[in-house]
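The numbering used here runs 10 ahead of the 1-based position in the sequence shown. These notes concern the structure reproduced below.
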Amino acid sequence: MPIRALVIDDDFAGRRNHYHRLAHGSNGESFLELRPATVPLQPDQIANLCKQVQVGLIDIFLDPKGDAEPLEIVPGVNVLTLIHEQNPRLPIFVVSSHWDSLNMPIYQELIRRKQVKGGFSLRLLEDTSECGRVRFELERAVKEAEGLAAISLNPNEDLLLLHLSDLQVGATWVAEKDAKAAGDRLVNEVFQALPTSISGNATAPHLLVVTGDVAERGEPAELRAGFGLLSKLRSRLEISREGCFVVPGNHDVSLALASSHLIDYSFGSPFAVEAEPRNPRTAATTRERGLDRFGLVPFQEACSAFTGRGDWEPRVDFEEETRSPGWFHSHALSALGISVIGINTVTRLGPENPASATVPQAVVNQLVSHLDAFQRHEPGRTDLVQLVLLHHSPWPGIGDRTLHASGGDYLLSQLERFGDCIVLFGHIHTPLTNVRTYNDRTHRQALYASPSTPSLPASDRPEDSLRGFQLITLQRESDRVVAAKVQQFEYSGYGFRVRDDARFRRDVHSGWVAQP
Ligand SMILES: [Fe+2]
């Protein structure tokens, strides 16, 4: 089936041959079904067109000075914003009629802001290999958007999720070669622990979720070793990149990079320390600037290489500053009945400082308005289960450690209306699974689960001696998640074994309910 492509080009007739070269192969096969729109368009026409296509090809005017808005359909309306509001999952590609347009900073900025998925030059399509490359990119973006990427299940097949947390590579394995050997052992141990099917094959999970603290001090060598271990595990279990999700933990912050920024700041404005309201060294600041901008850079890079996505790449946020994002949302698996939300709870320096774990209200509001736009487009999929991943518990009083993400209760009270949540977190190194109300004013319950650490304990953390991880089975009926089983694996001296097995079902009124 050819991909349905919306084309917005003010000179489609003049460039028809270029578009046809992309749309049709030399043997007559159709790759794209072109649906050119007549420019200028009215916003309501865009709304209709967006719902009928799988990809958008837009010839926008890229101003070399970078200060012109992308193609205006009607004065004052930005076509990219309008399309995103109508269909947030529609992948957009910029079409350039000048071969060098894609080198312009404004194009890079659109990519960085995630407003467009990619771009190509019409003139270069005369080259067959370039034409093939563009087709491949378009097809991949469409598959990703439609959740068909690499995980396809029958409508009633279980979805298995392996949940690891707090590997803290570097705590006990200082040298990289030690980390590699220990990592290989851990991969074997986890692999061998998974239940075997009748055929004798390990029941391979479809998803791998890691809720932070991959490294001990956020150092590049630790992150390399940590994500290297996870990559081995992923390939051993044949989990696709699309099925891997990671959120940062407090140990993933490079203190060296974050603090070097603070020193630079003090040298740059030594007398403004008390007067500057955003001074990162004063207790009343809203965010740690150095942490936001630099502290997570090695983590972002390692994580992007692992997942193949830019979930934590710096982008321009609601305050119009470039920084690590506070969240990501993946709808790539919505065809399977779930959507994935990652929250960065690591917002301040000082891992053991209660103020170091925060979900700022502005971040929650930004996420909620994104989810609202998403749901407007897909009203039929309100029964999705939301996998909410964070490093710290969003609620106080869970586990022995009291540290939780402040603002987490506000987050959960807002997420309640987007579907039943499964909240996965770590940090406390304690295996826990239960249900809990989203807030004090509702009786509806979320399911939460936290695994122990699978790694060997550091000598200064004897409480970590309980090694473990979780396997979560989501039972599905007609592509809808109806029940969940959480198995806690614990290290017994000979290997990981199932210690606890908790079952839950989804209830239309109460959300997640524990089963006896
Ligand atoms: Fe932690």
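Glycine included, C-beta positions come from ideal geometry on N, C-alpha and C. None of the values given here were measured: they were computed from a predicted structure.
Item checked: Exposure of GLY24, with buried meaning 16 or more beta-carbon neighbours within 10 Å -> Translated into the one-based positions of the sequence shown, residue 24 becomes position 14. It counts as exposed.
Next item on the list: Would you decide whether GLU119 is buried or exposed? Buried here means 16 or more other CB atoms lie within 10 Å of its CB.
Entry: Looking up residue 119 in the sequence shown gives position 109. GLU119 comes out exposed.
Next item on the list: Assign GLN178 to one of two classes, buried (16 or more other C-beta atoms within 10 Å of its C-beta) or exposed (fewer than that).
Entry: Sequence index remark: in the sequence shown, residue 178 carries index 168 (1-based). Buried: at least 16 other Cβ atoms inside 10 Å.
Next item on the list: From the DSSP output, in three-state form, read off THR447 for me.
Entry: Counted from its first residue, the sequence shown places residue 447 at position 437. Three-state result, THR447: strand.
Notebook entry, point to check: Ordered along the chain, which non-local residues of its own chain (more than five positions away) have a Cβ less than 8 Å from that of ARG486?
Noted result: As a first step, residue 486 is located in the sequence shown; it is residue number 476 there, counting from the start. Taken in chain order, the residues that qualify are LEU163, PRO165, ASN166, GLU167, ASP168, LEU169, LEU346, GLY347 and VAL492.
Checklist line | Where the alpha helix (DSSP H) containing VAL307 begins and where it ends | finding: The residue you call residue 307 lines up with position 297 of the sequence shown. Unbroken alpha helix (DSSP H) run through VAL307: 307 to 317.
Next item on the list: Whole angstroms is fine: what's the gap from SER279's alpha carbon to GLY236's?
Entry: As a working note, residue 279 is residue 269 in the sequence shown. As a working note, residue 236 is residue 226 in the sequence shown. Confidence at SER279 is low in this model, with a pLDDT of 45, below 50, so the placement of that residue should be treated as unreliable; the coordinate-derived value is given next. SER279 and GLY236: Cα-Cα distance of roughly 37 Å.
Note to self: Is ASN354 a contact residue of ligand 1, with contact defined as CB to any heavy atom under 7 Å?
What the structure shows: Within the sequence shown, residue 354 is the residue found at index 344, counting from 1. Every heavy atom of ligand 1 is 7 Å or more from the Cβ of ASN354, so no.
Check: In this structure, does DSSP put ASP77 in helix, strand or coil?
Finding: In the sequence shown, counting from the first residue as 1, residue 77 sits at position 67. Unreliable placement is indicated for ASP77, whose pLDDT of 48 sits below 50; no coordinate value is reported for it.
Notebook entry, point to check: Is the closest heavy atom of ligand 1 to the C-beta of ASP544 under 7 Å?
Noted result: There is simply no residue 544 to check, as the chain begins at 11 and stops at 526 in what is shown.
Check: Can you give the Cα-Cα distance for GLY418 and GLY429, rounded to whole angstroms?
Finding: Counting from one through the sequence shown, the residue named residue 418 turns up at place 408. Counting from one through the sequence shown, the residue named residue 429 turns up at place 419. Cα-Cα distance, rounded: 17 Å.
Note to self: Out of PRO115, VAL126 and TYR117, which one is the CA nearest neighbour of ILE93?
What the structure shows: As a first step, residue 93 must be located in the sequence shown, where it is residue number 83. When each option's Cα is compared against that of ILE93, the closest is VAL126.
Check: How is LEU132 classed by DSSP in three states: helix, strand or coil?
Finding: On the sequence shown, residue 132 is found 122 positions in, with the first residue counted as 1. Correct three-state label for LEU132: coil.
Checklist line | ligand 1 heavy atom lying under 7 Å from the CB of HIS401 | finding: Your numbering for residue 401 matches position 391 in the sequence shown. At least one heavy atom of ligand 1 is nearer than 7 Å to the Cβ of HIS401, so yes.
Item checked: Cut-off 8 Å between Cβ atoms - residues of its own chain near VAL152, not counting five sequence neighbours on either side -> Here residue 152 refers to the residue found at position 142 when the sequence shown is read from its first residue. Excluding sequence neighbours, VAL152 sits near ILE13, GLN64, VAL65 and PRO101.
Next item on the list: Starting from the N-terminal side, write out each stretch of the beta strand (DSSP E) that is 3 residues or longer and does not extend beyond the region 211 to 270.
Entry: 217 to 221 and 254 to 257
Note to self: Suppose contacts are defined by Cβ-Cβ distances below 8 Å. Is PHE384 in contact with HIS341 by that definition?
What the structure shows: Taking the first residue of the sequence shown as position 1, residue 384 is located at position 374. Taking the first residue of the sequence shown as position 1, residue 341 is located at position 331. Against a cut-off of 8 Å, the Cβ pair of HIS341 and PHE384 comes out as a contact.
Check: Nearest CA to the CA of ALA512: which residue from HIS519, GLY503 and GLN498?
Finding: Counting from 1 along the sequence shown, the entry for residue 512 is found at position 502. Answer by Cα proximity: GLN498.
Next item on the list: Measure the C-alpha to C-alpha separation of ALA415 and THR368 and round it to an integer number of angstroms.
Entry: Walking along the sequence shown from the start, residue 415 turns up at place 405. Walking along the sequence shown from the start, residue 368 turns up at place 358. So the alpha carbons of these two residues sit roughly 5 Å apart.
Checklist line | Three-way DSSP call (helix, strand, coil) for PRO46 in this model | finding: What you label residue 46 is simply residue 36 of the sequence shown in a count that begins at 1. PRO46 falls in the strand class under three-state DSSP.
Checklist line | Rounded Cβ spacing between HIS401 and GLY253 (contact assumed at less than 8 Å) | finding: What you label residue 401 is simply residue 391 of the sequence shown in a count that begins at 1. What you label residue 253 is simply residue 243 of the sequence shown in a count that begins at 1. About 20 Å separates the two Cβ atoms, so there is no contact after all.
Check: Mind checking SER245: buried by the 16 CB within 10 Å criterion, or exposed?
Finding: Stepping through the sequence shown from its first residue, residue 245 is reached at position 235. Answer is exposed; the Cβ neighbour count stays below 16.
Check: Under 7 Å from any heavy atom of ligand 1, does the C-beta of GLY259 make it?
Finding: Counting from one through the sequence shown, the residue named residue 259 turns up at place 249. Because some heavy atom of ligand 1 lies under 7 Å away, the Cβ of GLY259 counts as near it: yes.
Checklist line | Sequence-distant residues of its chain with Cβ nearer than 8 Å to GLN455 (five each side left out) | finding: Within the sequence shown, residue 455 is the residue found at index 445, counting from 1. Cβ neighbours of GLN455 beyond the five flanking positions: VAL445, ARG446, THR447, TYR448, SER520, GLY521, TRP522 and VAL523.
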